[in-house]
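Here is the structure we will look at, set down as structure tokens.
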Amino acid sequence: KSPEEVEVDEMADKLDSLMHIIFENLTVTAKAYRARSDGTVNPNAHSPRTLYEMIHPTFRSCILTTHRSKFVQFVVFVLCGLDEEFHADENREDRFDHGGLYRDFVSDLLDLVLDPYRETVMRQRGACYLASFVSRASYVCPETTCETISALLRFAEAYMDAFPTAASARAALRVSGGG
63 KSPEEVEVDE MADKLDSLMH IIFENLTVTA KAYRARSDGT VNPNAHSPRT LYEMIHPTFR
123 SCILTTHRSK FVQFVVFVLC GLDEEFHADE NREDRFDHGG LYRDFVSDLL DLVLDPYRET
183 VMRQRGACYL ASFVSRASYV CPETTCETIS ALLRFAEAYM DAFPTAASAR AALRVSGGG
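Numbering follows this note's numbering, with no gaps: position 34 of the sequence shown is 96.
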């Protein structure tokens, strides 16, 4: 292997280790949030939603804006999954109707993708994260997946109507700062 390949492998191993530690910490912290048998809550614990609210600004400002960021997004995926576990453990029949954390995440990304005032490149990244999320997260209900795909298809159709040729689409990208 070349020195560059060795360095990349080492960095990937470090990132994998850090991500594992982060996932473990988030899981332990969120699971400790559940009430103890005496009815008290661990003061060092946080709900998945609270953890999401702590991390989400970093997702928006750093992860979403980083070119070719592949794995850090899974921090949000894990938190949304922990939120679903939390509500599933309550044995609720309406567990998909509780306004879950994942629906907030999907809604936030859809708002970004559909915002005509955002840079094209940010909207594209939002669409990539959104598509990745609804296709990979097994806890996302079919209705949310269908609503998301429908919104993305409506956006794509409107975009193709507005820019019917490749040349007009390239010109729009240059004007909007996306290319």
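A virtual CB, placed ideally from N, CA and C, is assigned to each residue, including glycine.
- Query: Going along the chain, which residues of its own chain have a beta-carbon closer than 8 angstroms to the beta-carbon of ASP177, five neighbours each way excluded?
  - Reply: ARG185
- Between the CA atoms of GLY101 and ALA74 - distance to the nearest angstrom: Taking the straight line joining both Cα atoms gives about 42 angstroms.
- What does a CB cutoff of less than 8 angstroms around THR91 pick up in its chain, not counting 5 residues either side in sequence? So the list reads ASN106, ALA107, HIS108 and LEU113, once near-sequence residues are dropped.
- Message: Using the three-state DSSP reduction, which class does VAL103 fall into: helix, strand or coil?
- Response: coil
- Message: Is there a C-beta anywhere in chain D that falls below 7 angstroms from the one on GLY162?
- Response: The question asks about chain D, but that chain is absent: this structure has only one protein chain.
- Query: What is the rounded straight-line gap between the Cα of CYS142 and the Cα of ALA228?
  - Reply: 38 angstroms
- Quick one: what does DSSP say PRO226 is sitting in, helix, strand or coil? coil
- Query: How many Å lie between ALA189 and LYS93 at the Cα?
  - Reply: Straight through space, the alpha carbons of LYS93 and ALA189 are spaced by roughly 31 angstroms.
- Does the segment 169 to 183 come close enough to the segment 132 to 141 to have 3 or more Cβ pairs within less than 8 angstroms? The answer is no - the segment 132 to 141 does not touch the segment 169 to 183, with fewer than three Cβ pairs under 8 angstroms.
- Item | For PHE133, three-class secondary structure by DSSP | coil
- Message: Looking at the secondary structure, which residues open and close the alpha helix (DSSP H) in which ILE117 lies?
- Response: Segment 110 to 120, the alpha helix (DSSP H) holding ILE117.
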